[in-house]
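Each residue of the sequence shown is one higher than the one before, starting from 0 at the first, in numbering that gives the first Met the number 0. Heads up: the structure comes next, in structure tokens.
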Amino acid sequence: MKNKSKLKKIREKKAGTATVTKEWLYMNPNSITVAEIENALDGMDGIETEIWKEVEVPEHHSMDIEEIAVNLKDEYANAYLKEYDIHALFAVTIDIENYAFMQKIMQKIIAGAGGFFCGDTEDFTPVVKE
């Protein structure tokens, strides 16, 4: 049954009908903090940030960023982290109804703090890089 759902996801991607994922991972090869992510967003219009050991973009442009251990407890996932030399890992939840704005926020974070975003999916797609 699991193989059928994976096959279905692959077919949807090929057909262009895959939906945007709400759950993402922000990966960075540097050991950074949520404060550095907040600094990367400094000066961006239309957002406010609050730090509570996570970054949250409140209200209608919701993005939560929470630091997690650099160990995804899965052999394939940890190999991916090692391949990209990841030293900082954050779980990210976005407002998919405002995906275009969420992408702008992701790009601003990448430009200011480095790293990249990838879907919290089996194959780490989609990927948002600089």
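Heads up, the beta-carbon is just placed ideally off N, CA and C, and yes, glycines get one too.
- If you compare the alpha carbons of 125, 121, 116, 120 with that of residue 25, the shortest gap goes to 116.
- Residues of the same chain with a CB within less than 7 Å of the CB of residue 38, apart from the 5 flanking positions on each side, are 111 in chain order.
- Per the C-alpha coordinates, the member of 121, 64, 82, 120 positioned closest to residue 105 is 64.
- In the structure shown, residue 42 falls within a coil segment according to DSSP collapsed to helix, strand and coil.
- When only Cα atoms are considered, residue 32 and residue 46 end up about 19 Å apart.
- Secondary structure note for residue 75: its alpha helix (DSSP H) is the uninterrupted segment 74-82.
- Between the alpha carbons of residue 79 and residue 85 lies a gap of roughly 9 Å.
- At least 9 Å separates the beta-carbon of residue 114 from that of residue 20.
- About 12 Å separates the Cβ atoms of residue 109 and residue 89, ruling out a contact at the 8 Å cut-off.
- Nearest to residue 51 by alpha-carbon distance, out of 36, 42, 43, is 36.
- Closest option to residue 96, judged by alpha-carbon separation, among 40, 62, 127: 62.
- Membership of residue 114 in any alpha helix (DSSP H) is not indicated, and neither H nor E is assigned to it by DSSP.
- A distance below 9 Å separates the beta carbons of residue 28 and residue 83.
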